[in-house]
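Single-structure report; data block below.
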Amino acid sequence: MDTVKDEEPDEQDQEEAAVEEDDSEEDDDSLASEELDEIDEPEKGDDGAELDVIKSYLHEISHTSLLTFEEEQILAEKIEKGDEKARQQMIEANLRLVVNIGKRYLNRGLPLADIIEEGNIGLMKAVEKFDYKKGFRFSTYASWWIRQSIERAIINQTKTIRLPVHVAEHINRFLSTSEMLIQELGREPSLKEIADRLNISTEDVEDLKKLIRRTYSLETPVGDKEANILMDIIADNTIMSPSQMAEGISMREEIDKWLIQLSDKQREVICLRFGLEGQEAMTLEEIGNRFGLTRERIRQIEVIALGKLRSIIAKKSIKRDEVL
9 MDTVKDEEPD EQDQEEAAVE EDDSEEDDDS LASEELDEID EPEKGDDGAE
59 LDVIKSYLHE ISHTSLLTFE EEQILAEKIE KGDEKARQQM IEANLRLVVN
109 IGKRYLNRGL PLADIIEEGN IGLMKAVEKF DYKKGFRFST YASWWIRQSI
159 ERAIINQTKT IRLPVHVAEH INRFLSTSEM LIQELGREPS LKEIADRLNI
209 STEDVEDLKK LIRRTYSLET PVGDKEANIL MDIIADNTIM SPSQMAEGIS
259 MREEIDKWLI QLSDKQREVI CLRFGLEGQE AMTLEEIGNR FGLTRERIRQ
309 IEVIALGKLR SIIAKKSIKR DEVL
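Start counting the sequence shown at 9; every next residue gets the next number (the numbering used here).
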């Protein structure tokens with residue numbers, strides 16, 4: 009599979025990062041207990057001993073004070089001069105931000121320990137690239153790098169979805185252009201700025217962003233044992249015809265066609281469960297709360313919907329490895 013290179017944030021990501029920054033400040037002393045509640049059931053691959061280590065880590069970082077804007081500026085100036093102690097302090101003060109962001113990626117193919125590790129790598133990269141003279145909060149800037157590092161690891165390490173070469177090339181151009189722009193502008197570039205630099209439409213840029221996020225959302229494990237992923241469940245082992253490949257039918261278009269054949273509630277449950285159609289992936293319990301239904305009832309709707317999708321796709325003669 010083609011490796012996805014570093015992307016840079018746009019204005020939508022900047023807004024999301026600002027929300028995450030506010031959340032981290034509100035969580036301060038209560039972060040550890042909240043995070044411990046969310047990892048009572050280990051991610052596949054997290055054994056008991058590893059879970060104990062993670063809990064200990066969360067307790068430890070919960071006692072590190074958050075930085076004010078002025079403190080960030082002082083540390084960043086020292087870091088620019090090569091002060092390793094200041095660099096370490098900046099990293100440690102933002103470790104809980106990694107956890108706050110990382111918990112959103114549970115059950116997407118990586119154990120929690122790996123999610124935190126990848127997020128910390130993104131945090132360290134943000135420390136290296138942060139330009140305090142631009143006047144931005146470091147936590148806002150770092151949020152994007154943390155998310156990007158985790159998402160890239162999910163795409164690269166699951167190694168299940170294979171992108172066509174021409175699609176991977178477009179994604180890599182988008183990522184490298186975004187990175188250049190953020191360094192030039194000192195902020196996350198807008199869709200229009202990226203589009204102008206690439207000489208493509210803003211709609212095409214938005215499609216590339218959605219494709220990057222769709223790639224790992226299709227890897228979300230499903231079912232009580234979480235042994236399968238959405239594309240494994242609905243694609244089976246049927247084959248796509250050469251004529252369909254020649255017509256260049258994209259998986260996104262196919263998925264949209266399949267979803268239309270479900271009932272409104274089934275379609276919404278599937279979209280919420282797997283982060284499709286611009287939705288955030290949600291747990292069965294979260295979806296149940298949204299509809300005012302029990303977790304078990306949502307699970308039943310999901311099972312019926314996935315059964316319908318299997319039948320639909322079997323008739324279409326689609327093979328998963330050939331489509332993506």
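All residues carry an ideal CB built from backbone N, CA and C; glycine is no exception.
query	result
Met132 - containing alpha helix (DSSP H), residue span	120-137
Beta-carbon spacing of Asn102, Ser73 below 8 Å	no
Beta-carbon gap between Val106 and Ile124 smaller than 8 Å	yes
Neighbour-count burial assignment, Ile87, 16 or more Cβ in a 10 Å radius	buried
Phe138, buried or exposed, once every other Cβ within 10 Å from all chains shown has been counted against 16	buried
Presumed contact (8 Å Cβ cut-off) between Leu131 and Ile154, rounded CB distance	6 Å
Of the listed residues Glu78, Glu126, Lys133, Phe77, nearest to Gln96 (C-alpha basis)	Lys133
Contact set for Ile333: own chain, Cβ-Cβ below 7 Å, skip 5 residues either direction	Absent from the model: residue 333. The displayed extent of the chain is 9 to 332, so no value can be given.
Pair within 8 Å by beta-carbon distance, Leu193 and Ile202	no
CA nearest to the CA of Leu317, picked from Ile295, Leu292, Trp266, Arg305	Trp266
Status (buried if at least 16 other CB within 10 Å, exposed otherwise) for Glu234	Note that Glu234 scores a pLDDT of 40, beneath 50, so its modelled location is shaky and nothing firm can be said.
Arg4 versus Gly300: straight-line alpha-carbon distance, rounded	Examination of residue 4 is not possible in this model, given that the chain is present from 9 through 332 alone.
N-terminal and C-terminal residue of the alpha helix (DSSP H) that Gln274 is part of	272-282
Backbone CA spacing between Gly110 and Tyr65 [nearest angstrom]	14 Å
Asn297, enclosing alpha helix (DSSP H) - first and last residue	292-299
Val213, buried or exposed, once every other Cβ within 10 Å from all chains shown has been counted against 16	buried
Alpha carbon of Leu216 to alpha carbon of Ser319, nearest angstrom	29 Å
Supposed close pair Tyr149, Ala84 - CB separation, criterion 8 Å	10 Å between Cβ atoms; not a contact.
When Ile312, Gln156, Arg281 are compared against Asn297, the one with the closest alpha-carbon	Arg281
DSSP-derived helix/strand/coil call for Leu75	coil
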